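>
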Amino acid sequence: MIPLTYMMSLSAIIFAIGVAGVIIRRNILVMFMSIELMLNAVNLAFIAIGSRLGSMDGQVIVFFVMTVAAAESAVGLGIIISTFRNRETVHADELTLMRW
Amino acid sequence: MPPFLYIFLGALAIVSALGVIVQRNPIHSLLSLISTLLTIAILFIGENAVVVGFLQIIVYAGAIMILFLFVIWLLNLQVESGPTGHLALKAFGSLGAALLVTELFFLLAPPHLQVKFTQEPAGYGSLASLAGKLFTDYLVAFEVTSLLLLAAVVGSIALARRLPVVVEEPQPRVVEKIAS
Amino acid sequence: MTIELIAGAIKAILMIVLGLNLALFLLYFERKGSALIQDRIGSNRVTITGLGQRMGMPNLGIINTTIADPVKMFTKEDFVPEGADKFLHTLAPFLALFPVMITFVVIPFGDTISISGHRIGLEAANLNAGALYLLATIGLGVYGVALAGWSSNNRWALLGGIRATAQMISYELAMGLAIVSVIMTFGTLNLQEIVRGQGGVWFGFLPRWGIFVQPLAFILLLVAGAAESKRIPFDLPESDSELIQGYFTEYSGGKQAVFMLTDFAEQALLAMLLTTFFLGGWQVPWLMRDGFHLPGGAFLAVPALAVSILGIIAFLAKVVALCTFLGLVRWTLPRFRYDQLMRLGWKGLVPLGLLNVLLTAFVVVATGRVQ
Numbered sequence: 001m002i003p004l005t006y007m008m009s010l011s012a013i014i015f016a017i018g019v020a021g022v023i024i025r026r027n028i029l030v031m032f033m034s035i036e037l038m039l040n041a042v043n044l045a046f047i048a049i050g051s052r053l054g055s056m057d058g059q060v061i062v063f064f065v066m067t068v069a070a071a072e073s074a075v076g077l078g079i080i081i082s083t084f085r086n087r088e089t090v091h092a093d094e095l096t097l098m099r100w
Numbered sequence: 101m102p103p104f105l106y107i108f109l110g111a112l113a114i115v116s117a118l119g120v121i122v123q124r125n126p127i128h129s130l131l132s133l134i135s136t137l138l139t140i141a142i143l144f145i146g147e148n149a150v151v152v153g154f155l156q157i158i159v160y161a162g163a164i165m166i167l168f169l170f171v172i173w174l175l176n177l178q179v180e181s182g183p184t185g186h187l188a189l190k191a192f193g194s195l196g197a198a199l200l201v202t203e204l205f206f207l208l209a210p211p212h213l214q215v216k217f218t219q220e221p222a223g224y225g226s227l228a229s230l231a232g233k234l235f236t237d238y239l240v241a242f243e244v245t246s247l248l249l250l251a252a253v254v255g256s257i258a259l260a261r262r263l264p265v266v267v268e269e270p271q272p273r274v275v276e277k278i279a280s
Numbered sequence: 281m282t283i284e285l286i287a288g289a290i291k292a293i294l295m296i297v298l299g300l301n302l303a304l305f306l307l308y309f310e311r312k313g314s315a316l317i318q319d320r321i322g323s324n325r326v327t328i329t330g331l332g333q334r335m336g337m338p339n340l341g342i343i344n345t346t347i348a349d350p351v352k353m354f355t356k357e358d359f360v361p362e363g364a365d366k367f368l369h370t371l372a373p374f375l376a377l378f379p380v381m382i383t384f385v386v387i388p389f390g391d392t393i394s395i396s397g398h399r400i401g402l403e404a405a406n407l408n409a410g411a412l413y414l415l416a417t418i419g420l421g422v423y424g425v426a427l428a429g430w431s432s433n434n435r436w437a438l439l440g441g442i443r444a445t446a447q448m449i450s451y452e453l454a455m456g457l458a459i460v461s462v463i464m465t466f467g468t469l470n471l472q473e474i475v476r477g478q479g480g481v482w483f484g485f486l487p488r489w490g491i492f493v494q495p496l497a498f499i500l501l502l503v504a505g506a507a508e509s510k511r512i513p514f515d516l517p518e519s520d521s522e523l524i525q526g527y528f529t530e531y532s533g534g535k536q537a538v539f540m541l542t543d544f545a546e547q548a549l550l551a552m553l554l555t556t557f558f559l560g561g562w563q564v565p566w567l568m569r570d571g572f573h574l575p576g577g578a579f580l581a582v583p584a585l586a587v588s589i590l591g592i593i594a595f596l597a598k599v600v601a602l603c604t605f606l607g608l609v610r611w612t613l614p615r616f617r618y619d620q621l622m623r624l625g626w627k628g629l630v631p632l633g634l635l636n637v638l639l640t641a642f643v644v645v646a647t648g649r650v651q
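Residue numbers (the working numbering), protein chains in the order written: chain E, 1 to 100; chain C, 101 to 280; chain H, 281 to 651.
#1: Under the rule that 16 or more other beta-carbon atoms within 10 Å means buried, what is H:GLY410, buried or exposed?
#2: Just to confirm the assignment, what range does the beta strand (DSSP E) spanning H:THR392 have?
#3: What is the DSSP secondary structure of H:LEU469, reduced to helix, strand or coil?
#4: Counting only Cβ-Cβ distances shorter than 8 Å, please list the residues of the region 134-160 of chain C near chain H, keeping chain order.
#5: Which residues in chain C sit within 8 Å of E:ASN27, going by Cβ to Cβ distance?
#6: Would you please state the rounded distance, in angstroms, between the beta carbons of C:PHE168 and C:LEU130? I believe it to be under 8 Å.
#7: Looking only at DSSP bridge pairs, what is H:ALA581 linked to?
#8: Any idea what DSSP makes of C:VAL267, helix, strand or coil?
#9: Pairing CB atoms from the region 4-19 of chain E with CB atoms from the region 110-128 of chain C, are three or more of them under 8 Å?
#10: For H:ASN408 and chain C, any beta-carbon pair shorter than 8 Å?
#11: Spatial neighbours of H:ASN408 within its chain, please: CB distance less than 6 Å, with the 5 preceding and 5 following residues excluded, ordered by chain position.
#12: Can you tell me whether H:TRP482 is buried or exposed? The criterion is at least 16 other CB atoms within 10 Å of its CB, across all chains shown.
#13: Excluding the five sequence neighbours on either side, which residues of its own chain have a C-beta within less than 8 Å of the C-beta of H:THR529, listed in chain order?
#14: Let me know the alpha helix (DSSP H) ranges lying completely inside the region 21-58 of chain E, each 4 residues or longer, listed in chain order.
#15: Since C:ILE140 and C:GLN156 should fall inside the 8 Å C-beta cutoff, what is the C-beta to C-beta distance between them, to a whole number of angstroms?
#16: Any heavy atom of the ligand FAD inside 7 Å of the beta-carbon of C:LEU175?
#17: May I ask you to report which of helix, strand or coil DSSP gives H:LEU402?
#18: Reducing DSSP to helix, strand and coil, say where H:TRP482 ends up.
#19: Please go through the same chain and pick out, in chain order, the residues whose beta-carbon is closer than 6 Å to the beta-carbon of H:LEU427, but skip the five residues on each side of it.
#20: Please specify which runs of the beta strand (DSSP E), each continuous and at least 3 residues long, are wholly inside the region 493-560 of chain H, giving them in chain order.
#21: Considering only the beta carbon of each residue, do H:GLY419 and C:ILE142 sit closer than 8 Å?
#22: Using CA coordinates, which residue listed in H:VAL600, H:ALA416 and H:MET622 is at the minimum distance from H:PHE514?
#23: Nearest-angstrom Cα distance between C:GLY223 and C:SER229?
#24: Would you say C:ILE166 lies against chain H (beta-carbon separation less than 8 Å)?
#25: Tell me, please, whether the CB atom of E:THR5 is closer than 8 Å to any CB atom in chain C?
#26: Keeping to the same chain, check which residues put their C-beta closer than 6 Å to that of H:GLY390; ignore five residues upstream and five downstream.
#27: Please state whether DSSP places E:HIS91 in a helix, a strand or coil.
#28: For H:LYS598, count neighbouring Cβ atoms within 10 angstroms of its own Cβ and tell me buried if that reaches 16, exposed if not.
#29: Could you confirm whether any beta carbon from chain C is found closer than 8 Å to the beta carbon of E:VAL90?
#30: What number of angstroms, rounded off, separates the C-alpha of C:ILE114 from the C-alpha of E:ILE13?
#31: Counting Cβ pairs closer than 8 Å, one from the region 495-502 of chain H and one from the region 539-554 of chain H, do we hit at least three?
#32: Just the Cα atoms here: how many angstroms apart are E:ILE2 and C:PRO103?
#33: Taking only the alpha-carbon atoms, compute the straight-line gap between C:ALA231 and E:ASP57 and give it to the nearest angstrom.
#34: Alpha carbon to alpha carbon, how far is H:PHE305 from H:ALA289?
#35: Considering just the uninterrupted stretch of the alpha helix (DSSP H) at C:ILE172, what are its terminal residues?
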């Protein structure tokens, strides 16, 4: 089997790219996609460790993470749509209504 | 899986992930994200998690990303023109991500990392063993997740619908009869 | 190990070539068959140096559709419309073709044969989760259509693309439920095992085909699959009388040929799926490994290689018969309106699919198939 270090570092790199995406990009949809990247990186880590421990728990947890990500995407995109309808923008810098 | 395939898939995943955050056209970002998801699904299958790998393609790349695509269409997002955000933000973000990956590397993936490798039981990653675990050890989580999905369906419809527009009845005009 | 690799590669190439050739045959069948039903002649103008006409034979139009049409399509000018996203516009046809092509490799077209001592199973990839692979690749087929509609910078193409995407994701659900019922009946995700489970007979004469066990799932998969591959009566996305050509309006030349190929290849794929799950795949009725066990007790010994070849011929015959049936449906029925289509998908097929899954679950547990 390929050494665990490889899979964990791949997961860490994709997670960090996701974090960079959330910080750097100001378009809400691209920020959302970066969040999905982070979730996938964590899924990869779960599967890698689960298959080396010989336990199915890793796969079950990935199953639940996938389902919760689906639910969260649906609701999050609904929020983005209704924000767009009210504010006419998806640029995060222009959504400053709650600032002091 | 032969090691060179792992390295190729890993490189492809990293390049696609970079493509998500770098590109200006939101649909190009979406395509890069789909490519990342497919690569990670193949890595799942390579780790003997066959059913979860295919579920990743069916659920994530086949349904959730289409939802993203529909929202991009609905909002009619165009290619972002001009520089977005401050240079300081980009520098800080990249530096922060680099620090994060270094820290994660030393904590989670040090080169001497040893996990006691247990032989995978027969039928590992098959649908039967996944279902066995789901319906015995994780039954409560399973039922709660189905309730969560129901809540998500109702919530997203409630958030994204257009409120019915109230049209006022035009008042009947009183026509004065002009005495002729 | 190496011989399995080579055999696998040969089988994969064979299956993809079979898919492409079926698509070409379907193109010919489309023009001549629809002409027959509509009381006209169809295409019969192109000959090679007038050979047939001079000998008094009527021209069958084969040269027209199999040689002249592809040559015409690939030599037309290949343009990208102004203001369109060039990368997406070029990518979309191949993104549409790719999932269909890679689905052909998991369909079993015969039982195992032995060549010089090696037993080779007659499907290109014996996946233990074959049915899940099918669902995955069917789900990926949406992207080509969606991106073709969006990247054309044409509002009718966009409308066709949106309708196509909504239709495909709605009917994917019904397809998935039908396939899940079949999986529960046969107890395995492996397609070769599902076909093997359809051997044998009941009551001495009825072959154990899936259609006798799951008739509702057959109808569900037929209707949902026809909607998924955008066949008439579900061809609203490319309704020729309303949206010019729907999502591939702005395509010409080779890329349009790729879209047409995808259309016919999806039809062939649907026929192969129906054959595998419901019509017994490569099983010939009453043919076992050693010969014909006819009802009434007669036994006809058949050599092993002939059994395999009979299986392959049976598979091809069933696929061609189903393609003919799908073509007949295409030339007879008018098309659905958009809201009727959506209503059928969500309010008709999905509840029926769920009901079918529930009934199948009851029957499977009651007859003790589950440990």
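C-beta: ideal position from N, C-alpha, C; glycine also. Since we're looking at a predicted model, the values are computed, not measured.
Judging by the given coordinates:
#1: Taking every protein chain shown into account, the CB of H:GLY410 has 16 or more other CB atoms within 10 angstroms, so this residue is buried.
#2: Start and end: 390-395.
#3: For H:LEU469, the three-state secondary structure derived from DSSP is coil.
#4: Taking 8 Å as the upper bound on Cβ-Cβ separation, chain H lies near residues ILE134, VAL150, VAL151, PHE154, LEU155, ILE157 and ILE158 of the region 134-160 of chain C.
#5: Neighbours of E:ASN27 across chain C, judged by C-beta separation under 8 Å: PRO126, LEU177, GLU180 and THR184.
#6: That belief holds up - the Cβ atoms of C:PHE168 and C:LEU130 are roughly 6 Å apart, short of 8 Å.
#7: BP columns for H:ALA581 point to H:GLY571.
#8: Coil at C:VAL267, not helix or strand.
#9: Taking a cut-off of 8 Å for Cβ pairs, the region 4-19 of chain E and the region 110-128 of chain C touch, as three or more such pairs fall below it.
#10: Yes, because at least one Cβ of chain C sits closer than 8 Å to the Cβ of H:ASN408.
#11: ASN470.
#12: Exposed, since its Cβ has fewer than 16 Cβ neighbours within 10 Å.
#13: Here H:THR529 has SER432, ASN434, TRP436, ALA437, GLY440 and LEU523 as same chain residues with Cβ atoms under 8 Å from its own Cβ, once five neighbours each way along the sequence are excluded.
#14: Taken in chain order, the complete alpha helix (DSSP H) segments of 4 residues or longer contained in the region 21-58 of chain E are 28-53.
#15: By a beta-carbon distance limit of 8 Å, C:ILE140 contacts C:GLN156. Their separation comes to about 7 Å.
#16: Ligands displayed in this structure: none; no statement on the ligand FAD is therefore possible.
#17: Residue state, collapsed to three classes: strand.
#18: It is a strand residue.
#19: Here the set comprises LEU368 and ALA372.
#20: Counting only runs of at least 3 residues, the region 493-560 of chain H fully encloses no beta strand (DSSP E) element at all.
#21: In this structure, the beta-carbon distance from H:GLY419 to C:ILE142 does not fall below 8 Å.
#22: The shortest Cα separation from H:PHE514 among H:VAL600, H:ALA416 and H:MET622 belongs to H:MET622.
#23: Near 7 Å, if we compare the C-alpha coordinates of C:SER229 and C:GLY223.
#24: The beta carbon of C:ILE166 falls within 8 Å of a beta carbon belonging to chain H, placing the residue at that interface.
#25: It does: the Cβ of E:THR5 has a partner Cβ on chain C nearer than 8 Å.
#26: Counting only Cβ-Cβ distances below 6 Å, and skipping sequence neighbours, we find LEU402, TRP562, SER588, GLY591 and ILE592.
#27: Under the three-state reduction of DSSP, E:HIS91 is assigned to strand.
#28: Classification of H:LYS598: buried, given that the 10 Å Cβ count is 16 or more.
#29: Chain C, which has a Cβ nearer than 8 Å to the Cβ of E:VAL90, makes this yes.
#30: E:ILE13 has its alpha-carbon roughly 7 Å from the corresponding atom of C:ILE114.
#31: A contact is defined here as three or more CB-CB pairs under 8 Å, and the region 495-502 of chain H meets this definition with respect to the region 539-554 of chain H.
#32: The C-alpha of C:PRO103 is placed about 7 Å away from the C-alpha of E:ILE2.
#33: Cα to Cα, the separation comes out at about 11 Å.
#34: Those two C-alpha atoms are separated by around 24 Å.
#35: Unbroken alpha helix (DSSP H) run through C:ILE172: 165-175.
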